[in-house]
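A.B. asks: Quick mapping for you: the protein sequence lines, in order, are chains V, H and E. Numbers 822 to 1103, taken from our numbering, label the letters of the first sequence in order. Numbers 822 to 1103, taken from our numbering, label the letters of the second sequence in order. Numbers 822 to 1103, taken from our numbering, label the letters of the third sequence in order. Note that the Cβ used here is the ideal one computed from N, Cα and C, for glycine as well. Only a predicted model underlies this, so the values are computations on that prediction, with no experimental measurement involved.
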Amino acid sequence: MERFDEAWQLLAKVRAKRPLIHCMTNYVTAGDVANMILAAGASPVMADGIAEVEEITELSQALVLNIGTLKAAAVDAMLLAGKRAVELGHPVVFDPVGAGASRFRTEIARQILRDVRCTVIRGNASEIGVLAGGRTRPRGVDADERELLTGENRQEQTAAARKLSRETGAVIVMTGPRDLIVDENRTCLVGNGVPMLGRVTGTGCMLDGIIAAFLAAGQDDGGEPRFWQTVYAVAAAGICGELAAQKTLASGGGTGSFRMYLMDEMSNLNDRQIKEEARIEV
Amino acid sequence: MERFDEAWQLLAKVRAKRPLIHCMTNYVTAGDVANMILAAGASPVMADGIAEVEEITELSQALVLNIGTLKAAAVDAMLLAGKRAVELGHPVVFDPVGAGASRFRTEIARQILRDVRCTVIRGNASEIGVLAGGRTRPRGVDADERELLTGENRQEQTAAARKLSRETGAVIVMTGPRDLIVDENRTCLVGNGVPMLGRVTGTGCMLDGIIAAFLAAGQDDGGEPRFWQTVYAVAAAGICGELAAQKTLASGGGTGSFRMYLMDEMSNLNDRQIKEEARIEV
Amino acid sequence: MERFDEAWQLLAKVRAKRPLIHCMTNYVTAGDVANMILAAGASPVMADGIAEVEEITELSQALVLNIGTLKAAAVDAMLLAGKRAVELGHPVVFDPVGAGASRFRTEIARQILRDVRCTVIRGNASEIGVLAGGRTRPRGVDADERELLTGENRQEQTAAARKLSRETGAVIVMTGPRDLIVDENRTCLVGNGVPMLGRVTGTGCMLDGIIAAFLAAGQDDGGEPRFWQTVYAVAAAGICGELAAQKTLASGGGTGSFRMYLMDEMSNLNDRQIKEEARIEV
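(1) Runs of 4 residues minimum, wholly inside the region 971-1051 of chain H: which ones carry the alpha helix (DSSP H) assignment?
(2) Inspect the beta-carbon positions of Ala1056 of chain H and Ile993 of chain H and report whether they are closer than 8 Å.
(3) Please tell me whether Met1027 of chain H and Val918 of chain H are closer than 8 Å, where the distance is taken between their beta carbons.
(4) I'd like to check one pair, Arg931 of chain H with Leu900 of chain H: are the Cβ atoms closer than 8 Å?
(5) Under 7 Å Cβ-Cβ, which residues of chain V neighbour Ala893 of chain E?
(6) How big is the Cα-Cα spacing for Val962 of chain V and Val866 of chain H?
(7) Is Leu1083 of chain H closer than 8 Å to Gly1077 of chain V when the C-beta atoms are compared?
(8) Rounding to the nearest angstrom, what Cα-Cα distance links Lys892 of chain E and Glu908 of chain E in this structure?
(9) Cutting at 7 Å between CB atoms, please list the residues of its own chain near Ala868 of chain E, excluding the five before and the five after it.
(10) How would you label Glu977 of chain E, buried or exposed, when you count the other beta carbons within 10 angstroms and need 16 or more for buried?
(11) Apart from the five residues just before and just after Ala1065 of chain H, which ones in its own chain have a Cβ nearer than 6 Å to its Cβ?
(12) Output, in chain order, the set of chain H residues within a Cβ distance shorter than 7 Å of Tyr848 of chain V.
(13) Taking only beta carbons into account, state which residues of the region 898-923 of chain E come closer than 8 Å to chain V, listed in chain order.
(14) Between Met1084 of chain V and chain H, is any beta-carbon pair separated by less than 8 Å?
(15) With H, G and I counted as helix, E and B as strand and the rest as coil, what does DSSP make of Gly961 of chain E?
(16) If Ile1032 of chain E and Thr1051 of chain E are in contact, beta carbons under 8 Å, what's the gap, nearest whole angstrom?
(17) Can you grab the Cα-Cα spacing for the pair Thr996 of chain H / Arg975 of chain H, in whole Å?
(18) In three-state terms, what does DSSP make of Cys1061 of chain H?
(19) Give the DSSP-derived three-state secondary structure of Ile1104 of chain V in the structure shown.
(20) Using alpha carbons as the reference points, say which of E:Ala1058, E:Asn856, E:Met857, E:Glu988 lies closest to Asp1004 of chain E.
(21) Do you know offhand how far Ser947 of chain V's Cα is from Ile888 of chain H's?
(22) Any idea what DSSP makes of Asp916 of chain E, helix, strand or coil?
(23) Buried or exposed: where does Asn1091 of chain E fall if 16 or more other Cβ atoms within 10 Å of its Cβ makes it buried?
(24) Would you identify the three-state DSSP class for Leu884 of chain H, choosing helix, strand or coil?
(25) Expressed to the nearest angstrom, what Euclidean distance is found between the alpha-carbon atoms of Met845 of chain V and Ile929 of chain V?
(26) Name the two residues that bound the continuous beta strand (DSSP E) containing Asn945 of chain V.
(27) Which residue or residues does DSSP assign as beta-bridge partners of Ser864 of chain E?
(28) Tyr1053 of chain E and Leu831 of chain E look like a contact to me (Cβ under 8 Å); what is the Cβ gap, rounded to whole Å?
(29) Work out the CA separation of Ala895 of chain E and Pro840 of chain V for me, nearest whole Å.
(30) Comparing the C-beta of Arg1080 of chain E with each C-beta of chain V, is any distance below 8 Å?
(31) Ordered along the chain, which non-local residues of its own chain (more than five positions away) have a Cβ less than 6 Å from that of Ser864 of chain H?
(32) Hey, does Lys834 of chain V have any beta-carbon neighbour from chain E nearer than 8 Å?
(33) The alpha helix (DSSP H) spanning Gly1077 of chain V covers which residue range?
(34) Does any residue of chain V bring its CB to less than 8 Å from the CB of Arg1020 of chain E?
(35) Taking 8 Å as the threshold (beta carbon to beta carbon), is Ile877 of chain V in contact with chain E?
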């Protein structure tokens, strides 16, 4: 388990450093992403106008690129911010929402991958598969259930993620019933999380923000801990999902309560809980 | 009561089929609309870039067009998606938010009605009245209280809705204290719902999504059940409002709690409850 | 305490008159702003297309301008609406989100101040400081903690706010641990509020909406009560924060619960509570 057991106290670092996370994201979940970043202890700045993105990136400590509702006119701003973040050595988290669902999204996602060296790419099995050159038309923005990470297709999915990691240099996070995290040499499954996370919009986008906050807080950690920092962030988010589901069940609530508790749990989470509750399989 | 009593089990069908609902909607309530569609058991995809809307429509099973914050530059994308949806035989739910509040909105709404054969048009008394050619300047995006569905003006409002239905071929949903659903031959009042639904933004937009999900799930039902499917969806949404208001009252909450409970109730609702609690007047 | 003690019953007036508040705001918090305006008893209309903003302003009783995610192409619409609102004598609340964080934002904010005579300008210490001509590069959109209103820098901050008020004719609201409200002659500190307000996105934007609703409701009050109406609105928002924090603590919740309770408390608040709980220091 290499670096996961070390006492990173990454969440405590987020709260101590309060890194500024520049988010260029979709209008559907932007508010929830901002609130989740705040709940984790970091500070969000949502800015996507081409006139200012470079300056905002310079003020920030990490960048999130999410193409959930991207328009053609906004692509250049995303590329500009991405390139500036890479020059500055900032972690860049890229979410290719719906890659494969339209030629436009697939092309834009590929262009971002060509032009911006991303630190982490987070998507579902469809999106990662498309970007790794496999399939081309998934079902909408959610992973088709046939594409879930099951025993049958796990090998294929891990291969796709590894291929994408090799081509991009990024850590790949393929979220699903279990979350697969892969880089060129390492593979890890995170078993935290609950099905209800799929019944609230933007839980993937919120995870983008959490990963970015954790990477920003861990910037000065020695070595190449990006992989394990990402695993740690994914586990943290999944644990919040589990705790929120318990509260939802206990209160007789539904997806509305769950969404609120998810935010509550992240704002109340600590590193000890993450270490105790994380279900990591290497 | 014609078709309402039949055992449609429409909500169960939504959950079994998980139809993909393409939403071109406003940025104010997009997140709540997505979450409400998920709560009902369907799957939302919010996409409005002209470069991709046709493809997204092709992947989907229904389309929602909502002009809540529409800009001139985005009209063409809406028309393109609408036409493609009609070609494919998808249900199209159109919400002429604020029609009459500005010449721009009124004209855009009329253009959509000319170019796209909508399945359902949902608005308040002002919006429907304007589109039926009656009045021209309502008060903002909410129905003026003087325009509420009361005994005095009910006949006039029914006539306006019927006229719009005849001109467009759509089922008309005029929401208010009681919701009026009209097509060329039928008229129905749904008595479910509570005043607090008017104190949370986007409950109309959320209803658009619910109607679209129900229509998509009921696509293969024989005959012409669009009218009754719509009535069923309107009743379901109103019942969630009633249940949410009860929980809000019991917990001493306000409009914030109510908004959360509304989502909870939809995610926990079942067809039996809809049938038992629906207050339909034909 | 001059006018604060008079029985304004401003919140009751909001609920009786239900003024329509035209908001041109950012896509991150637009939904929360609309819901907060509704919770206060007013009615929001979010519209920012240049084709219609003048007409929407004409329908409305107050205007909120917020540059949180402003693009260059949308500046003209904001100026147009602002000028029309001033012509009509409507209160205009301006929120220079992130002024100083990029040259673009600083310039746009200055242009709005040149072209539109604002009634109230609400920002944090960084933003107000930049617009008063002081510093130029704050940290993101939130006030740096070093800039909080403490004993040490209070004099400097009051001077900056006074300078901006003199130059613009506006009432200046500088929010922080304690909120400073200043006009040319008056200074007031409001001690209501809790730190958790800084851990939810958009609480500043929501305050913009509350101030606008209170100003619109108090339009016909004699004299020059804008200053005290603003103080009253700021106190009301802070009291909601305090009550929401108590409920959050009692329920073991976090920032998600707090955000919901904030809306609850505003929807349940009354003038008597504001008067009893307000902590005003002149």
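C.D. replies: Result, derived from the coordinates:
(1) 972-989, 1024-1038
(2) For the purposes of this step, residue 1056 of chain H is taken as residue 235 along the second sequence, with counting starting at 1. For the purposes of this step, residue 993 of chain H is taken as residue 172 along the second sequence, with counting starting at 1. For Ala1056 of chain H and Ile993 of chain H, no; Cβs fall outside 8 Å.
(3) The residue labelled residue 1027 of chain H in the question sits at position 206 within the second sequence. The residue labelled residue 918 of chain H in the question sits at position 97 within the second sequence. No, the pair does not count as a contact, with Cβ atoms beyond the cut-off.
(4) Here residue 900 of chain H refers to the residue found at position 79 of the second sequence. Here residue 931 of chain H refers to the residue found at position 110 of the second sequence. Contact flag unset, no.
(5) Locating residue 893 of chain E in the third sequence gives position 72, where the first residue counts as 1. Residues of chain V passing the Cβ test: Gly870, Ala872.
(6) Here the question's residue 962 of chain V lines up with position 141 in the first sequence. Here the question's residue 866 of chain H lines up with position 45 in the second sequence. Bear in mind that a pLDDT of 49 at Val962 of chain V, under 50, signals an unreliable position, so the model cannot answer this.
(7) Along the first sequence, one-based indexing puts residue 1077 of chain V at 256. Along the second sequence, one-based indexing puts residue 1083 of chain H at 262. The beta carbons of Gly1077 of chain V and Leu1083 of chain H sit closer together than 8 Å.
(8) Here residue 892 of chain E refers to the residue found at position 71 of the third sequence. Here residue 908 of chain E refers to the residue found at position 87 of the third sequence. Taking the straight line joining both Cα atoms gives about 25 Å.
(9) Against the third sequence, residue 868 of chain E aligns to sequence position 47. So the qualifying residues of the chain are His843, Val874, Ile877.
(10) Numbered from 1 along the third sequence, position 156 holds the residue referred to as residue 977 of chain E. The residue is exposed, with fewer than 16 neighbouring Cβ atoms inside 10 Å.
(11) Here residue 1065 of chain H refers to the residue found at position 244 of the second sequence. Phe1079, Tyr1082, Leu1083, Glu1086, listed in sequence order.
(12) Here residue 848 of chain V corresponds to residue number 27 of the first sequence, with the count starting at 1. Per Cβ cutoff of 7 Å: Tyr848, Ala851.
(13) Gly919, Ala922, Ser923
(14) The count along the first sequence starts at 1 and reaches residue 1084 of chain V at position 263. It does not; no Cβ of chain H falls within 8 Å.
(15) Stepping through the third sequence from its first residue, residue 961 of chain E is reached at position 140. Unreliable positioning characterises Gly961 of chain E in this predicted model, as indicated by a pLDDT of 49, which lies under 50. A coordinate reading is not provided.
(16) If you number the third sequence from 1, residue 1032 of chain E lands on position 211. If you number the third sequence from 1, residue 1051 of chain E lands on position 230. So it is a contact: roughly 6 Å between Cβ atoms.
(17) What you label residue 996 of chain H is simply residue 175 of the second sequence in a count that begins at 1. What you label residue 975 of chain H is simply residue 154 of the second sequence in a count that begins at 1. Taking the straight line from one Cα to the other gives about 12 Å.
(18) Here residue 1061 of chain H corresponds to residue number 240 of the second sequence, with the count starting at 1. Correct three-state label for Cys1061 of chain H: helix.
(19) Outside the displayed span of chain V (822 to 1103) sits residue 1104 of chain V, for which this structure offers no information.
(20) Position 183 of the third sequence holds residue 1004 of chain E. For the residues E:Ala1058, E:Asn856, E:Met857, E:Glu988, the minimum Cα distance to Asp1004 of chain E belongs to E:Glu988.
(21) Locating residue 947 of chain V in the first sequence gives position 126, counting from the first residue. Locating residue 888 of chain H in the second sequence gives position 67, counting from the first residue. Going from the Cα of Ser947 of chain V to the Cα of Ile888 of chain H covers about 31 Å.
(22) For the purposes of this step, residue 916 of chain E is taken as the residue at position 95 of the third sequence. Asp916 of chain E falls in the strand class under three-state DSSP.
(23) Working through the third sequence from its first residue, we reach residue 1091 of chain E at position 270. Per the 10 Å Cβ criterion, exposed.
(24) Looking up residue 884 of chain H in the second sequence gives position 63. In the structure shown, Leu884 of chain H sits in a strand (DSSP, three-state: E or B).
(25) Position 24 of the first sequence, counting from 1, holds the residue named residue 845 of chain V. Position 108 of the first sequence, counting from 1, holds the residue named residue 929 of chain V. Going from the Cα of Met845 of chain V to the Cα of Ile929 of chain V covers about 14 Å.
(26) Against the first sequence, residue 945 of chain V aligns to sequence position 124. It spans 941-945 - the beta strand (DSSP E) in which Asn945 of chain V sits, taken as one unbroken run.
(27) Walking along the third sequence from the start, residue 864 of chain E turns up at place 43. Paired residue(s): E:Leu841.
(28) By 1-based counting over the third sequence, the position of residue 1053 of chain E is 232. By 1-based counting over the third sequence, the position of residue 831 of chain E is 10. Taking the Cβ atoms as the reference, Tyr1053 of chain E lies roughly 5 Å from Leu831 of chain E, within the contact range of under 8 Å.
(29) One-based indexing of the first sequence puts residue 840 of chain V at position 19. One-based indexing of the third sequence puts residue 895 of chain E at position 74. Approximately 29 Å between the Cα atoms of the pair.
(30) Sequence index remark: in the third sequence, residue 1080 of chain E carries index 259 (1-based). Arg1080 of chain E counts as touching chain V.
(31) Here residue 864 of chain H refers to the residue found at position 43 of the second sequence. These residues qualify, in order along the chain: Arg839, Leu841.
(32) Walking along the first sequence from the start, residue 834 of chain V turns up at place 13. Not one chain E Cβ lies under 8 Å of Lys834 of chain V.
(33) Sequence index remark: in the first sequence, residue 1077 of chain V carries index 256 (1-based). Counting along the chain, Gly1077 of chain V sits inside the alpha helix (DSSP H) bounded by residues 1076-1089.
(34) In the third sequence, the residue the question calls residue 1020 of chain E occupies position 199. Arg1020 of chain E counts as touching chain V.
(35) Against the first sequence, residue 877 of chain V aligns to sequence position 56. It does; some Cβ of chain E falls within 8 Å.
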